[in-house]
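Q: A single structure is presented below for examination.
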Ligand SMILES: Cc1cc2nc3c(=O)[nH]c(=O)nc-3n(C[C@H](O)[C@H](O)[C@H](O)COP(=O)(O)OP(=O)(O)OC[C@H]3O[C@@H](n4cnc5c(N)ncnc54)[C@H](O)[C@@H]3O)c2cc1C
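Numbering (my numbering), first residue to last: 18 to 309.
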């Protein structure tokens, strides 16, 4: 058994300095539901775990109807869905945080950890993309913002560079006539990760009949969570109909580049993309009409 140093950082700058000093040999630990498993299984060789849960900015959940949500990267899922205002304002995020693992996992797991782990199948990343979330990162050279769709670059890889950590996630303020929805298909009924996931966000006109704009993102069908701007381009300005939603689903299907693995074949994943995109869009439209 190898010894690993555990350091509980008390500030963002202390955490960034530790990460910078140790390079690839250090990792942040938030909930630990990914990183502890990876270290124990020998999938990550590290010397230092930098705990960030004592840092106020990383665990804060700050919401106001006017300015939106600033979600601390290490805030656990249960505190997100347990916050009535956040749950009401961002139901598409709540869809995802309620399905990560189990109640026990949700007591530890964070959205920041889900994002930084950069699994193509991660459940919360599609909602981050469709909500147009900005990821606030800080490192030895200061802070910068990364759009959620640009954060993951490959399986397990992110746009963060040495010494950087994710501090918070900024969600735009909720607006009238908008709605978001996330769902996934898992091959078994018990705890599992997505064979395919789909998230959608729509802005409707005041009558609720026309889509002004839309965003769709897919999980587990590409090397990283996949933003599909072509769907939004096709839907913008069009009257909602079953045919239109079906066209959008087929555009998403064409954009998907799935592989076959233990959870499903590429062919089955392609089939699922159309089904789930249709349901995600219809779910988002229904919520936008309710939010009217
Ligand atoms: C039984 C089980 C079931 C699961 N089910 C699901 C599921 O249904 N859906 C799903 O998407 N995932 C699932 N997971 C995976 C995991 O729970 C999630 O990815 C979770 O959100 C990770 O959050 P965490 O806080 O535990 O991350 P950690 O394990 O603490 O960190 C994950 C990775 O991100 C890095 N990291 C964390 N925070 C930061 C930060 N602020 N800045 C820089 N790097 C950071 C860490 O160094 C590590 O590499 C499951 C895991 C288990 C063990």
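Each residue gets a CB set at the ideal place from its N, CA and C atoms; glycine is no exception.
Using the three-state DSSP reduction, which class does residue 395 fall into: helix, strand or coil?
A: As displayed, the chain neither begins before 18 nor continues past 309, which places residue 395 out of reach and without an answer.
Q: Please classify residue 244: is it buried, with 16 or more other beta-carbons within 10 angstroms of its beta-carbon, or exposed?
A: On the chain shown, residue 244 is found 227 positions in, with the first residue counted as 1. Residue 244 comes out buried.
Q: Please indicate yes or no: does the CB of residue 222 lie closer than 7 Å to some heavy atom of ligand 1?
A: As a working mapping, residue 222 is identified with position 205 in the chain shown. No, the beta carbon of residue 222 sits no closer than 7 Å to any heavy atom of ligand 1.
Q: For residue 254, is the beta carbon positioned less than 7 Å from some heavy atom of ligand 1?
A: As a working mapping, residue 254 is identified with position 237 in the chain shown. Because no heavy atom of ligand 1 lies under 7 Å away, the Cβ of residue 254 does not count as near it: no.
Q: Using a Cβ-Cβ cut-off of 6 Å (strictly less than) and excluding sequence neighbours within five positions of residue 46, which residues of its own chain qualify?
A: Looking up residue 46 in the chain shown gives position 29. If we look at residue 46 and ignore the five residues flanking it on each side, its Cβ neighbours are 52, 66, 68.
Q: Work out the CA separation of residue 93 and residue 118 for me, nearest whole Å.
A: Looking up residue 118 in the chain shown gives position 101. Looking up residue 93 in the chain shown gives position 76. Taking the straight line from one Cα to the other gives about 12 Å.
Q: Looking at residue 65 and ligand 1, is the gap between the Cβ and the nearest heavy atom below 7 Å?
A: For the purposes of this step, residue 65 is identified with residue 48 of the chain shown, where counting begins at 1. Checking every heavy atom of ligand 1 against the Cβ of residue 65, none is found closer than 7 Å.
Q: Is the stretch 274-289 touching the stretch 244-257, taking contact as three or more C-beta pairs under 8 Å?
A: Counting Cβ pairs under 8 Å, fewer than three are found: no touch.
Q: Return the CA-CA distance between residue 211 and residue 163, expressed in angstroms with no decimal places.
A: Position 194 of the chain shown, counted from the start, is the residue given in the question as residue 211. Position 146 of the chain shown, counted from the start, is the residue given in the question as residue 163. Near 25 Å, if we compare the C-alpha coordinates of residue 163 and residue 211.
Q: Under the assumption that residue 131 contacts residue 139 (Cβ atoms under 8 Å), give the Cβ distance between them as a whole number of angstroms.
A: Here residue 131 is taken as the residue at index 114 of the chain shown, counted from 1. Here residue 139 is taken as the residue at index 122 of the chain shown, counted from 1. 5 Å between Cβ atoms; contact.
Q: Looking only at its chain, what residues have a beta carbon closer than 8 Å to the beta carbon of residue 26, apart from the 5 residues adjacent to it on each side?
A: Locating residue 26 in the chain shown gives position 9, where the first residue counts as 1. Counting only Cβ-Cβ distances below 8 Å, and skipping sequence neighbours, we find 32, 35, 67, 68, 69, 71, 72.
Q: With a threshold of 16 other CB atoms inside 10 Å of the CB of residue 206, please say whether the residue is buried or exposed.
A: As a first step, residue 206 must be located in the chain shown, where it is residue number 189. Looking at its Cβ environment, which holds fewer than 16 other Cβ atoms inside 10 Å, residue 206 is exposed.
Q: Please work out which residues of its chain come closer than 8 Å, Cβ to Cβ, to residue 249, disregarding the five sequence neighbours upstream and downstream, and give them in chain order.
A: Counting from 1 along the chain shown, the entry for residue 249 is found at position 232. Excluding sequence neighbours, residue 249 sits near 230, 231, 232, 233.
Q: Sorted by chain position, which residues of the same chain lie with C-beta nearer than 7 Å to residue 161's C-beta, five sequence neighbours on each side aside?
A: Within the chain shown, numbered from 1, the residue matching residue 161 stands at position 144. Excluding sequence neighbours, residue 161 sits near 154.
Q: What span of residues does the alpha helix (DSSP H) with residue 311 cover, start to end?
A: In the structure displayed, the chain extends from 18 to 309; residue 311 sits before or after that span and is not available.
Q: At what residue ranges does the stretch 113-144 contain a whole run of the alpha helix (DSSP H), taking only runs of 4 or more?
A: With a minimum length of 4 residues, the continuous alpha helix (DSSP H) runs that stay inside the stretch 113-144 are 120-123, 128-134.
Q: Assign residue 279 to one of two classes, buried (16 or more other C-beta atoms within 10 Å of its C-beta) or exposed (fewer than that).
A: Locating residue 279 in the chain shown gives position 262, counting from the first residue. Residue 279 comes out exposed.
Q: Using only alpha-carbon positions, find the residue among 134, 166, 126, 252 that is nearest to residue 144.
A: Position 127 of the chain shown, counted from the start, is the residue given in the question as residue 144. Here the closest residue by C-alpha is 166.
Q: I believe residue 180 touches residue 157 by the beta-carbon criterion, under 8 Å. Please report the beta-carbon distance rounded to the nearest angstrom.
A: For the purposes of this step, residue 180 is taken as the residue at position 163 of the chain shown. For the purposes of this step, residue 157 is taken as the residue at position 140 of the chain shown. Residue 180 to residue 157, Cβ: 4 Å. Contact.
Q: Excluding five sequence neighbours on each side, which residues of the same chain lie with their C-beta closer than 6 Å to the C-beta of residue 252?
A: By one-based count along the chain shown, residue 252 stands at place 235. The answer, listed in chain order, is 228, 231, 265.
Q: Determine the DSSP secondary structure at residue 225, reduced to helix, strand or coil.
A: For the purposes of this step, residue 225 is taken as residue 208 along the chain shown, with counting starting at 1. Note: residue 225 maps to coil in three-state DSSP.
Q: Whole angstroms are fine: how far does the CA of residue 57 sit from the CA of residue 63?
A: If you number the chain shown from 1, residue 63 lands on position 46. If you number the chain shown from 1, residue 57 lands on position 40. Between residue 63 and residue 57, the C-alpha separation is close to 11 Å.
Q: Looking only at C-alpha atoms, which of 169, 102, 121 sits nearest to residue 81?
A: Position 64 of the chain shown, counted from the start, is the residue given in the question as residue 81. With distances taken between Cα atoms, residue 81 lies closest to 102.
Q: Excluding the five sequence neighbours on either side, which residues of its own chain have a C-beta within less than 6 Å of the C-beta of residue 222, listed in chain order?
A: Reading the chain shown from its first residue, position 205 is the one you call residue 222. So the list reads 229, once near-sequence residues are dropped.
Q: Is the CB-CB distance between residue 242 and residue 111 below 8 Å?
A: Within the chain shown, the letter at position 225 stands for residue 242. Within the chain shown, the letter at position 94 stands for residue 111. For residue 242 and residue 111, no; Cβs fall outside 8 Å.
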